[in-house]
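Here the protein sequences come in this chain order: A, B, C and D.
Residue 564 is where the first sequence starts when you use our numbering, and the numbers rise one by one after that.
Residue 564 is where the second sequence starts when you use our numbering, and the numbers rise one by one after that.
Residue 14 is where the third sequence starts when you use our numbering, and the numbers rise one by one after that.
Residue 14 is where the fourth sequence starts when you use our numbering, and the numbers rise one by one after that.
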Amino acid sequence: MALILTDEQQMLAEAADGLLGEEGVGALRRLRDDRDPDGLSRDLWRTFGEMGLAGVMIDEAHGGSGLGAVEAGVIAEALGKHLTPSPFLGSSVLGAGLIVDLGSAEQKDRWLPGVAEGEAILALALEEGGRHAPHRIAARAERDGNGFRLNGSKAFVLDGHVADALIVAARTSGKVGDREGVSLFLVDPGTAGVAIERTAMVDAHNAARIMLDDVRVDADALLGELDGAGPALDRVLDLGRGCAAASLVGAGAQAFDLTLDYLRTRTQFGRAIGEFQALQHRAAHLFTELEIARAAVLGALQTLDRPGVAPAQAARAVAVAKAKAGQVAELAVQEAVQMHGGVGMTDEFDVGLYMKRVRVLNETLGDVGHHQEALATADGW
Amino acid sequence: MALILTDEQQMLAEAADGLLGEEGVGALRRLRDDRDPDGLSRDLWRTFGEMGLAGVMIDEAHGGSGLGAVEAGVIAEALGKHLTPSPFLGSSVLGAGLIVDLGSAEQKDRWLPGVAEGEAILALALEEGGRHAPHRIAARAERDGNGFRLNGSKAFVLDGHVADALIVAARTSGKVGDREGVSLFLVDPGTAGVAIERTAMVDAHNAARIMLDDVRVDADALLGELDGAGPALDRVLDLGRGCAAASLVGAGAQAFDLTLDYLRTRTQFGRAIGEFQALQHRAAHLFTELEIARAAVLGALQTLDRPGVAPAQAARAVAVAKAKAGQVAELAVQEAVQMHGGVGMTDEFDVGLYMKRVRVLNETLGDVGHHQEALATADGW
Amino acid sequence: MSELEDFRAEVRAWLADNCPAEVRGPMAGEDDRIWGGRNATFKTPAHRLWLERMGARGWTAPEWPTEYGGGGLSRDQAKVLASELRRIEAQPPLFSFGVWMLGPALLKFGTEAQKQTFLPPIARGEIRWCQGYSEPGAGSDLAGLQTRAVDQGDHWIVNGQKVWTSYADQADWIFCLVRTDPEAPKHLGISFVLFDMATPGVSTKPITLISGKSPFCETFFDDVRVDKANLVGALNRGWDVAKYLLAHERTMIGAIGEGDVGRPLGQIAADAIGRDASGRLDQPMLRARIAEMEIDAEAFRLAMERTGDLAKAGRAHPALSSMLKYYGSELNKCRHELAMAAGGADALEWEGERSRNGQAARDWLRTKANSIEGGTSEIQLNIIAKHLLRLPGA
Amino acid sequence: MSELEDFRAEVRAWLADNCPAEVRGPMAGEDDRIWGGRNATFKTPAHRLWLERMGARGWTAPEWPTEYGGGGLSRDQAKVLASELRRIEAQPPLFSFGVWMLGPALLKFGTEAQKQTFLPPIARGEIRWCQGYSEPGAGSDLAGLQTRAVDQGDHWIVNGQKVWTSYADQADWIFCLVRTDPEAPKHLGISFVLFDMATPGVSTKPITLISGKSPFCETFFDDVRVDKANLVGALNRGWDVAKYLLAHERTMIGAIGEGDVGRPLGQIAADAIGRDASGRLDQPMLRARIAEMEIDAEAFRLAMERTGDLAKAGRAHPALSSMLKYYGSELNKCRHELAMAAGGADALEWEGERSRNGQAARDWLRTKANSIEGGTSEIQLNIIAKHLLRLPGA
């Protein structure tokens with residue numbers, strides 16, 4: 564398969580870009596400066612639903628578009644480009660992905676159409692510490708009559724403060740760090756014992772910290788097999804990482820484009836600063852890095868879509884993409900602020916917002932070092 | 564104490580530079596192209612003796628100059644600048660350093676005056692593998708009547724092929740990797756069972772591989788206490804590392820100076836290439852790095868000279884100096900070859916010789932990664 | 014050596030008696046800083062006492078002559094004082110652009126009257142200064158300076174706008190570049206003047222940065238009267254004063270590369286993230302990046318010291334300050350990138366008590382200005398290429 | 014998909030029958046390479062057989078039309094062929110500047126007669142080519158080209174000197190830039206011609222590099238007669254042909270960034286140095302640097318593939334080859350720096366059997382030319398800035 568977008572994928576990219584580009588970064592600024600209680604636009608989310616974007620990977624029987632990882636990445640890239648806060652990654656990719664993969668017919672009917680319509684929001688409550696460690700799960704679910712009782716604390720739950728359902732990863736056997744023994748539970752955030760604290764982040768996107776204090780759920784809250792969430796979690800996390808990598812490329816490339824414009828128009832010492840060869844070479848290097856990162860991300864997304872691909876192969880491709888996209892996007896925003904000079908430091912200019920967003924995307928689902936480590940470990944050294 | 568050379572040290576630097584600069588890199592080329600059997604100039608070594616350079620750290624009672632680490636570093640820097648092969652590091656610093664530190668009156672009388680005169684050459688046979696690992700000693704010395712019997716193999720013994728005496732580090736108790744249990748022996752290279760293979764290196768300097776097969780030495784061959792060589796080895800290795808770092812600065816700075824000359828004189832597209840801002844910025848960055856490295860090296864050498872300094876503090880300063888000097892010198896030679904373009908790739912130009920020498924100096928007594936690791940370990944993380 | 018050791022003993026004894034416990038240990042936040050000035054605020058009475066005691070000895074400006082309120086120390090004595098202050102983790106008795114920047118320029122270019130008038134209050138922390146260099150459209154390129162001073166006999170009338178004036182809204186006086194000859198080309202025709210921020214016609218407006226509220230202001234001059242007695246250096250040659258002062262500013266900004274007195278980032282990260290069985294920070298890739306940075310930081314500290322020693326020995330090229338400014342500011346940016354990576358998701362929070370209102374993230378963002386303020390990294394590299402390397406066309 | 018899968022099955026079966034065991038597995042050294050030519054040498058008879066069989070199918074030039082001796086494959090088929098060759102670790106049947114560089118230029122600019130004459134022998138490896146571009150004093154700046162071709166009616170007489178001519182001493186023919194109009198400015202007035210290296214007046218002299226003996230030569234032309242029928246493209250417009258060909262050369266040099274078919278450097282290093290208790294390469298700092306490089310290498314492989322796909326789809330800007338050349342050559346240099354660090358002192362040996370005459374060190378040094386030959390990295394960055402980023406004044 565050619566490592567370029569198909570015509571259909573290109574059209575999807577233009578549609579997403581067109582929609583988000585209408586308001587552009589203004590949307591983020593408005594939500595932030597108005598201190599919006601949700602921190603994201605429910606109207607936009609419904610439009611996502613209408614356009615088939617919210618349910619991009621949900622099968623058509625449940626109201627979705629039935630498309631693949633490449634298409635999800637295309638949308639994620641547009642979100643990164645315009646810095647638009649949305650529940651796409653947490654709900655459409657991670658949340659819906661798990662239900663598509665593991666859900667019972669009832670669970671699918673209950674949640675997927677709502678997500679696809681842009682009405683319902685799911686959130687995955689997985690992380691417990693400050694760094695991505697999907698197997699380091701201490702939260703526990705213990706049998707309690709016909710159901711379970713959950714205890715523990717979760718952090719960095721993307722858009723967890725507005726979720727209609729939480730998918731909580733909890734340990735049902737084994738000990739912290741084991742790959743086995745983790746189960747997933749669909750938890751109503753209104754259940755007694757659930758305490759949710761919104762954490763506004765540096766990039767004006769939101770996550771939540773969640774305390775689970777003797778939270779009682781019924782047996783049908785279990786998503787997938789008892790103790791057996793591991794493989795599905797790995798799959799959906801790789802999907803999420805691929806999308807986060809696409810967002811990083813979107814954000815990095817846009818910061819670069821803003822910088823190119825600035826280089827062409829801003830004058831100093833009587834010349835456009837883009838005439839200075841030292842800046843030209845740095846810009847050319849950055850362009851190259853962005854193209855390399857773009858290839859790595861598309862390669863990973865295509866690998867995820869390949870039927871019957873071995874999980875280890877997909878994981879390796881995703882590790883390359885997330886590490887490379889993260890490193891390059893970081894370089895892009897640093898160069899963007901530096902080349903803008905003083906105005907780049909002001910809140911008035913957009914480049915600083917890209918720097919903030921890239922920082923958060925880099926921490927999302929494993930940073931550069933995490934994925935370098937993953938590659939080395941996977942290759943046995 | 565001010566972090567600059569004293570007037571006396573400055574005069575020493577000029578003397579060493581004057582001596583080595585007479586023939587400059589030509590000396591190395593001649594030894595290499597003539598396939599000199601020694602790979603170094605014994606005449607030059609005698610001149611070193613006459614000028615008090617060979618015995619710089621040997622006390623005056625034994626014919627030396629009785630100076631310190633800073634002075635040794637000053638000489639090492641000049642050797643790096645002119646790429647002069649000489650037994651200075653192996654014999655005057657490592658070899659003589661151990662005898663000054665640990666030797667009996669007889670051992671000192673036997674060896675130090677000769678080294679100081681530039682007649683005798685010592686070599687330290689320490690390493691056994693391809694990477695610097697001073698505690699990973701598998702060679703063993705076993706009691707044999709009144710003396711010892713040595714078995715094992717040594718590698719990367721600087722100028723071991725021309726040594727008048729080998730100082731062999733061998734294990735007398737404990738197991739490979741232990742910090743304790745190592746002893747030093749003065750071994751005549753002509754002793755039965757000693758096999759020495761000269762290994763010509765990429766930089767046209769030489770080291771040796773040495774096989775010890777049931778080599779019998781008398782009790783008075785023991786240098787220092789039985790099992791107790793560790794602390795003295797650590798001290799002298801730090802001294803050697805400081806001097807290697809100084810050579811790296813010497814070589815890196817000279818490669819940079821050659822490059823500056825080239826930037827000022829070579830024209831392309833009708834301009835001196837030094838007018839291109841991209842190259843100017845890279846040169847300015849490199850200049851900065853070289854100055855920083857120079858400060859780190861002088862700081863380490865002064866620390867080594869400070870009376871009563873804690874070994875851990877000295878080791879930390881040396882780790883910083885060797886790591887920083889190595890990294891910067893590597894950058895300097897890479898930039899030198901690249902900025903010279905095609906001619907930099909030819910054997911006719913000198914910059915390639917600097918690239919080769921820096922590579923070897925980087926491997927000598929621990930590379931950049933080794934010393935980064937040393938710093939992190941020393942600081943407890 | 015022994016005289017210095019006597020001095021060390023004296024310093025140590027004096028500090029033991031005079032440095033309050035409240036000003037020892039790492040600073041917790043902005044409000045630990047003592048800026049002095051007419052409207053000075055102090056976190057505790059002990060902070061005020063610390064400034065007063067150090068100011069009285071002139072140790073707020075250790076190497077200035079005693080007649081101008083300084084400590085009259087030699088460079089070696091000043092190093093001893095600094096090391097003794099570090100030893101007890103004493104916080105600085107005064108943060109002052111007057112001490113760091115204006116003072117050295119006045120010592121070199123000021124008239125005797127100006128030195129007598131301005132230096133002692135600076136050393137005692139009584140007058141707080143700000144700097145008026147940059148203008149919109151004239152950042153790194155000061156040749157484009159527009160603020161105009163029109164000659165009125167014994168005074169000028171100044172009109173124009175400055176930007177990036179740190180703490181303009183809290184400063185008492187400003188040292189300021191103004192154009193006194195509109196016909197002269199480029200850097201000629203600019204003069205260096207001092208005036209009170211309380212003069213009618215001066216107004217300020219804070220700038221919001223990506224890190225949030227900032228000490229930077231836009232500063233506006235609307236028919237501001239400036240006494241000609243407050244011209245520093247020669248008329249129309251303010252650029253000479255400014256250059257000299259900029260070198261001090263550069264060294265000061267570069268010094269942030271030395272990092273805080275506190276513990277190495279590697280230790281902080283290992284405590285936060287955890288260690289593996291052999292005691293290593295349990296994130297090998299991050300650990301490698303931190304190790305590289307810590308090596309650079311230690312080497313940089315030595316380079317700062319060495320450059321100071323060279324200067325004292327009369328052997329430092331003035332452009333070496335560009336080298337320190339460039340390296341120190343890039344290093345500090347790198348340190349904070351790594352601190353953010355070590356902090357992980359926790360360091361991303363922007364509000365609330367747990368993160369002290371996003372302190373880590375705001376500090377990180379703030380460092381991005383280091384390589385812009387006081388002359389961008391690119392400008393420093395240009396200066397090095399031209400003045401130290403003498404490359405053609407630089 | 015299924016047609017492609019049929020093709021894959023066919024290729025696999027054919028290779029099973031026709032690829033000798035002697036040409037499978039990593040190449041041990043230079044003499045494994047099959048260069049072909051009039052005076053071809055083969056390491057074993059199987060090597061000759063491998064060239065003959067692949068040449069007969071046109072799979073030495075898979076995407077060339079069959080009428081010119083190529084394989085006539087589509088890009089997707091060519092990918093399948095490449096992946097099947099990789100699968101069995103087959104060594105290339107032919108190393109050829111004719112296939113990599115001259116062929117594509119002839120396909121675009123050559124006359125029908127030139128295509129008929131030159132392409133089939135190239136594909137069969139019968140004629141070995143070298144390239145005459147660089148001259149002393151005209152490295153990256155070809156505008157300064159001095160080699161002169163003087164018109165003699167049906168032929169030119171060529172005088173001048175080339176440098177960096179790879180394998181000039183072993184090549185049968187040369188493709189060469191010569192100045193046919195000495196009055197025209199810069200790149201105009203240059204023509205692209207072909208001639209036999211056996212023509213009287215051609216002589217060569219190898220260049221010794223920092224890595225030792227090298228395939229590069231100085232090449233001298235002393236009254237060399239060149240037939241006008243061997244002009245490629247328009248007279249005085251050789252620069253167009255050269256640029257097109259340079260783009261292919263760039264991609265070829267860039268491709269070395271993909272590394273050999275062999276195992277990842279991390280594994281090689283871990284086997285050589287050892288692993289810690291958790292299986293990690295027991296040099297954490299080196300490991301981190303290798304990990305970063307391996308990520309870059311994998312990403313670069315994908316970028317190579319993507320750029321090829323974009324070209325096939327008619328959506329690749331020609332200057333993208335500069336991007337690949339720049340990145341690939343820098344990457345390969347980095348890989349060999351790390352390989353040397355992993356090799357430690359053992360990799361420093363320069364002579365003798367144990368080190369295969371210093372193979373590691375010589376390979377490392379050889380890579381330093383990657384970012385110089387075929388246009389320096391700086392030239393590539395200039396091209397990107399100008400043609401892809403359209404920055405002012407670039």
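Even glycine gets a Cβ: it sits at the ideal position worked out from N, Cα and C.
DSSP-derived helix/strand/coil call for residue i
i: residue 764/A; result: strand
i: residue 769/A; result: strand
i: residue 370/D; result: coil
i: residue 187/C; result: strand
i: residue 168/D; result: strand
i: residue 408/D; result: This structure does not reach residue 408/D, given that chain D is present from 14 up to 407, and the question cannot be answered.
Residue i, buried or exposed, once every other Cβ within 10 Å from all chains shown has been counted against 16
i: residue 414/D; result: Within the shown structure, residues of chain D are numbered from 14 to 407, placing residue 414/D beyond reach of any answer.
i: residue 44/C; result: exposed
i: residue 738/B; result: exposed
i: residue 342/D; result: buried
i: residue 144/C; result: buried
Closer than 7 Å to chain C by CB, residue i
i: residue 945/B; result: Look at the range of chain B in this structure, 564 to 944, and you will see that residue 945/B is not part of it.
i: residue 297/D; result: yes
i: residue 883/B; result: yes
i: residue 539/B; result: Any question about residue 539/B goes unanswered here, given that chain B covers just 564 to 944.
i: residue 866/B; result: no
Inter-residue CB distance, residue i and residue j (contact presumed, cutoff 8 Å)
i: residue 567/A; j: residue 312/D; result: Contact doesn't hold; Cβ gap of about 16 Å is too wide.
i: residue 944/B; j: residue 283/C; result: 4 Å
i: residue 42/C; j: residue 141/C; result: Actually they do not touch by this definition, with Cβ atoms about 19 Å apart.
Any C-beta of chain D under 7 Å from that of residue i
i: residue 844/A; result: yes
i: residue 836/A; result: no
i: residue 312/C; result: no
Proximity test, Cβ basis, 7 Å: residue i and chain A
i: residue 748/B; result: no
i: residue 683/B; result: no
i: residue 294/D; result: yes
i: residue 114/D; result: no
Within chain A, partners of residue i - CB distance below 8 Å
i: residue 331/D; result: Per Cβ cutoff of 8 Å: no residues; residue 331/D is ~14 Å from chain A at best.
Cross-chain neighbours of residue i in chain C, by beta carbon under 8 Å
i: residue 935/A; result: 298
Under 7 Å by beta carbon: chain D residues contacting residue i
i: residue 781/A; result: Those within 7 Å of residue 781/A in chain D number zero; the least Cβ separation is about 41 Å.
Any chain B beta carbon closer than 7 Å to residue i
i: residue 719/A; result: no
i: residue 573/A; result: no
i: residue 340/C; result: yes
Amino acids of chain C, ordered along the chain, whose beta-carbon sits closer than 7 Å to that of residue i
i: residue 765/A; result: 361, 363, 371, 374
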